[in-house]
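Report on the following structure.
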Amino acid sequence: MNHHFLLIIHLLSATVWVGGHLLLVFCHLPQALKEKDPSIILNYEKKYEPVGMTALVLLVVTGILMAYKYGVSIEYWFQFATPVEKVVSTKLLLLFLTVAFALSAQFRVIPKLKNNPDKLPEMAFHILSVTIIGVLMLIFGSYIRFGGF
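So the number in the numbering used here is just where the residue sits in the sequence shown, counting from 1, plus 6.
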C-alpha cells in the first residue's frame, strides 16, 4: 500500500481520535462535572464510540503498516535501538496504556457511573488520561518526519 495513502488515513484517524477526546475534555466533561450528570458523558460516548473506535482501529493498522515501511517490523519493537524504533515502540506502549484505561473505564467505571454521579471524578481521570496519551502519540508521531527522537 502506498506510504502517502497510509499516512493520510493515519492522520485523518488521529484527527478523529484526538479531536473527539479533546471535544469531550473541553466541552462535555466540564458540563458533566458542574451539573454532576454522568449522562452528558455517556450520551457523548454513545455517539462518538462507533466513529472513535473505527478511527482507533485504523490508527493501529496504518501505524503498523507504516512501521514496517520504515523497517521497524515486529522483531524490532521495544528494542529502542534506532530513533524510529524509539518512536514506534513508545507509541505502542502508549497504545497499550490506552487499551488498559479503556478496559478499566468500560468494565469498572462506566457500569457504576450510570447510577452514581460520585464516580464522575474517576471517569474524568480516565478521560483526561486517554486524551493526554492521544496527544502524546500525535506528538511522537510527528517525530517520524525527522527520523525519530
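The beta-carbon is built from N, C-alpha and C at its ideal position, and this holds for glycine as well.
Requested in this report: Could you tell me how far apart the beta carbons of Met143 and Leu71 are, in whole angstroms, since I believe they sit closer than 8 Å?
Outcome: Taking a contact as a CB-CB distance under 8 Å, the pair Met143 and Leu71 does not count as one, their CB atoms being some 16 Å apart.
Query raised in the report: With 16 as the cutoff for other CB atoms within 10 Å, does Gly77 come out buried or exposed?
Result: The C-beta of Gly77 has fewer than 16 other C-beta atoms within 10 Å across all chains shown, which makes the residue exposed.
Query raised in the report: Alpha carbon to alpha carbon, what distance is there between Gln85 and Lys125?
Result: Cα atoms of Lys125 and Gln85: separation of roughly 39 Å, rounded to the nearest angstrom.
Query raised in the report: By Cβ distance, which residues of its chain are closer than 6 Å to Leu12, with the 5 residues on each side in sequence left out?
Result: Once the five neighbours on either side are set aside, the close Cβ partners of Leu12 are Thr68, Leu71 and Met72.
Requested in this report: Specify, as a first and last residue, the run of the alpha helix (DSSP H) that Ala87 falls within.
Outcome: For Ala87, no alpha helix (DSSP H) segment is defined, and its DSSP state is neither H nor E.
Query raised in the report: For His27 versus Thr96, is the C-beta distance shorter than 7 Å?
Result: No, the Cβ-Cβ distance between His27 and Thr96 is not below 7 Å.
Report task. Can you grab the Cα-Cα spacing for the pair Ser135 / His10, in whole Å? Result -> For Ser135 and His10, the distance between alpha carbons rounds to 30 Å.
Query raised in the report: Counting contacts by CB-CB distance shorter than 7 Å, is Leu100 in contact with chain C?
Result: Any reference to chain C falls outside this structure, which holds one protein chain only.
Query - Given Leu101 as reference, the closest of Ala87, Leu119, Pro36 and Met59 once Cα atoms are compared - result: Ranking Ala87, Leu119, Pro36 and Met59 by Cα distance to Leu101 puts Met59 first.
Requested in this report: Would you decide whether Gly25 is buried or exposed? Buried here means 16 or more other CB atoms lie within 10 Å of its CB.
Outcome: With fewer than 16 Cβ atoms within 10 Å of its Cβ, Gly25 is classed as exposed.
Query - Alpha-carbon to alpha-carbon, Glu41 and Leu17 - result: Going by the C-alpha atoms only, they are around 35 Å apart.
Query raised in the report: If you drop the 5 nearest sequence neighbours on each side, which residues of the same chain put their C-beta closer than 8 Å to that of Trp23?
Result: Within the same chain, Cβ atoms closer than 8 Å to the Cβ of Trp23 are found at Gly58, Ala61, Leu62, Leu65 and Gly140, the five residues on either side in sequence being excluded.
Query - Lys118 - containing alpha helix (DSSP H), residue span - result: Looking at the DSSP string, the run of the alpha helix (DSSP H) that includes Lys118 is Ile116 to Leu119.
Query - Within 7 Å, strictly: CB atoms of Pro44 and Leu119 - result: Here Pro44 is near Leu119, since their CB atoms are less than 7 Å apart.
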